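K.L.:
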Amino acid sequence: MNSNDSKITITVVGSLNYDLVCVLDRLPALGETLTARSHVAAFGGKGANQAVAAARLGAEVRMIGAVGSDPTGQAMRRNLEENGVDATGLLVAADPSGTAMINIDANGDNTIIVYPGANAALTPDWVAANGDAIRSSSCLMLQLETPLDSVLAAARIARGAGVPVLLNPAPARPLPDELFRLCDVVTPNETELRLLSGVEGVEEGARILLGKGVGAVVVTLGGKGSLCMDERGSFAVPSYEVRAMDATAAGDSFNGALATRLSDADGAHRSRISADDLAFCNAAGALAATRLGAQPSIPTLAEVNDFIARRTA
Ligand code: RIB
4 MNSNDSKITI TVVGSLNYDL VCVLDRLPAL GETLTARSHV AAFGGKGANQ
54 AVAAARLGAE VRMIGAVGSD PTGQAMRRNL EENGVDATGL LVAADPSGTA
104 MINIDANGDN TIIVYPGANA ALTPDWVAAN GDAIRSSSCL MLQLETPLDS
154 VLAAARIARG AGVPVLLNPA PARPLPDELF RLCDVVTPNE TELRLLSGVE
204 GVEEGARILL GKGVGAVVVT LGGKGSLCMD ERGSFAVPSY EVRAMDATAA
254 GDSFNGALAT RLSDADGAHR SRISADDLAF CNAAGALAAT RLGAQPSIPT
304 LAEVNDFIAR RTA
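The number in the working numbering is simply the position in the sequence shown, starting from 1, with 3 added.
1. Taking 7 Å as the line, does the beta carbon of glycine 47 fall inside it for any heavy atom of the ligand RIB?
2. Whole angstroms is fine: what's the gap from leucine 185's alpha carbon to serine 41's?
3. Ends of the alpha helix (DSSP H) at glutamate 193?
4. Taking only the alpha-carbon atoms, compute the straight-line gap between glutamate 244 and serine 100 and give it to the nearest angstrom.
5. Under 7 Å: does the beta carbon of glycine 225 sit that close to some heavy atom of the ligand RIB?
6. Please tell me whether glycine 50 and glutamate 148 are closer than 8 Å, where the distance is taken between their beta carbons.
7. Compute the distance between the beta-carbons of serine 237 and glutamate 206, then report whether it is under 8 Å.
8. Expressed to the nearest angstrom, what Euclidean distance is found between the alpha-carbon atoms of glycine 111 and alanine 292?
9. How would you label serine 141, buried or exposed, when you count the other beta carbons within 10 angstroms and need 16 or more for buried?
10. Using a C-beta cutoff of 8 Å, does glutamate 206 count as contacting chain D?
11. Grab the span of the alpha helix (DSSP H) containing glutamate 148 for me, first residue to last.
12. Given this structure, state the Cα-to-Cα distance separating glycine 218 from valine 16, to the nearest angstrom.
13. Is DSSP giving methionine 79 helix, strand or coil here?
14. Which residues does DSSP pair with glutamate 63 in a beta bridge?
15. Measuring CB to CB, does alanine 124 end up less than 8 Å from alanine 157?
16. So threonine 303 and asparagine 113 are supposed to be a Cβ contact under 8 Å. How far apart are they, rounded?
17. Considering only the beta carbon of each residue, do phenylalanine 257 and glycine 225 sit closer than 8 Å?
18. DSSP beta-bridge partners for methionine 144?
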């Protein structure tokens, strides 16, 4: 990951959810009741997942977000700490902690419904109060499961301090042009790219986001791998073939991995993404897809390195 042993520091501003997962033969039709094959409850939320992913890959990680004043919120804080993530940037809100209802079909594909709860209470003021954490980071990682004004506030602080901003625009929603200009890297999947760019083609869509002022666009293509485009051009890296059990948090593992690859231990950062970087991120995502649940599926650095070594042997 880095040329020396000191750690890089990544700050995540984002969501925390408690995921209730049902594994089904197929997804239910409207008005239909199905019996699940199995069920797990696990820690999730795109922000927390990406924080845990970066920590398991060796980064020092701080999380800024909001949990409820309920037992779930306390458990979410403990869970981050147990994963080595600094949770002092968590706000305790009056609302219940965020929850997600996830259905997985026999192909490992999912549908997700999120009840934001406490995540909606993350304010620009709370982000600003934790601004020093952002300013002293090697990378800021953002998603769109918390209020947009708090995402913007974090991106402005990072840009003001020269800290690179990685935005995973999930779940996709129309975004102000200012946010694109503040982002060094944006990482949509194909559906998100279509919504953000208004066009069908991956390369054309990525070019539109570059035109809005993004430094680089990395498109995650599921089983087809990933594509990177910046002002020099584009390249794609195929995925590793795996037997997918649950795609949940595959994208989060990919993003956590990308954040670790873009940061250097001395605080410097790279804006150039290489094919090796994408292969590493594809491996992290592929491994996550082979396991059930969000955070239980996120791989460690040893697992990713071992997986790549075995696949390239
Ligand atoms: O990206 C997966 C995550 O999306 C789940 O953990 C769920 O909580 C939703 O936020």
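Ideal Cβ positions, reconstructed from N, Cα and C, are used throughout, including at glycine. These figures come from a predicted structure and were not determined experimentally.
P.N.:
Let me spell this out:
1. Here the question's residue 47 lines up with position 44 in the sequence shown. The answer is yes for glycine 47.
2. Within the sequence shown, residue 185 is the residue found at index 182, counting from 1. Within the sequence shown, residue 41 is the residue found at index 38, counting from 1. So the two alpha carbons sit approximately 42 Å from each other.
3. What you label residue 193 is simply residue 190 of the sequence shown in a count that begins at 1. Note, glutamate 193: alpha helix (DSSP H), 193–200.
4. Position 241 of the sequence shown, counting from 1, holds the residue named residue 244. Position 97 of the sequence shown, counting from 1, holds the residue named residue 100. Computed Cα separation, rounded: 36 Å.
5. Looking up residue 225 in the sequence shown gives position 222. No - the ligand RIB has no heavy atom lying nearer than 7 Å to the Cβ of glycine 225.
6. Stepping through the sequence shown from its first residue, residue 50 is reached at position 47. Stepping through the sequence shown from its first residue, residue 148 is reached at position 145. Result yes, Cβ atoms of glycine 50 and glutamate 148 sit closer than 8 Å.
7. In the sequence shown, counting from the first residue as 1, residue 237 sits at position 234. In the sequence shown, counting from the first residue as 1, residue 206 sits at position 203. Contact flag set, yes.
8. Walking along the sequence shown from the start, residue 111 turns up at place 108. Walking along the sequence shown from the start, residue 292 turns up at place 289. Their Cα atoms are separated by approximately 8 Å.
9. By 1-based counting over the sequence shown, the position of residue 141 is 138. Under this definition serine 141 is a buried residue.
10. In summary, chain D is missing from the structure at hand, where a single protein chain is found.
11. As a first step, residue 148 must be located in the sequence shown, where it is residue number 145. Here glutamate 148 belongs to no alpha helix (DSSP H), and DSSP marks it neither H nor E.
12. Here residue 218 refers to the residue found at position 215 of the sequence shown. Here residue 16 refers to the residue found at position 13 of the sequence shown. Looking at the two C-alpha atoms, the distance is approximately 20 Å.
13. Mapped onto the sequence shown, residue 79 falls at position 76. The answer is helix: DSSP assigns methionine 79 an H, G or I state.
14. On the sequence shown, position 60 is the one that residue 63 refers to. DSSP lists Thr12 as partners of glutamate 63.
15. Translated into the one-based positions of the sequence shown, residue 124 becomes position 121. Translated into the one-based positions of the sequence shown, residue 157 becomes position 154. Not in contact: alanine 124 and alanine 157 (Cβ atoms no closer than 8 Å).
16. As a position in the sequence shown, residue 303 is number 300, starting the count at 1. As a position in the sequence shown, residue 113 is number 110, starting the count at 1. In fact, because the Cβ distance is near 23 Å, the residues do not count as touching under 8 Å.
17. Position 254 of the sequence shown, counting from 1, holds the residue named residue 257. Position 222 of the sequence shown, counting from 1, holds the residue named residue 225. Contact flag unset, no.
18. Translated into positions along the sequence shown, residue 144 becomes position 141. DSSP output for methionine 144 lists Val15 and Leu169 as bridge partner(s).
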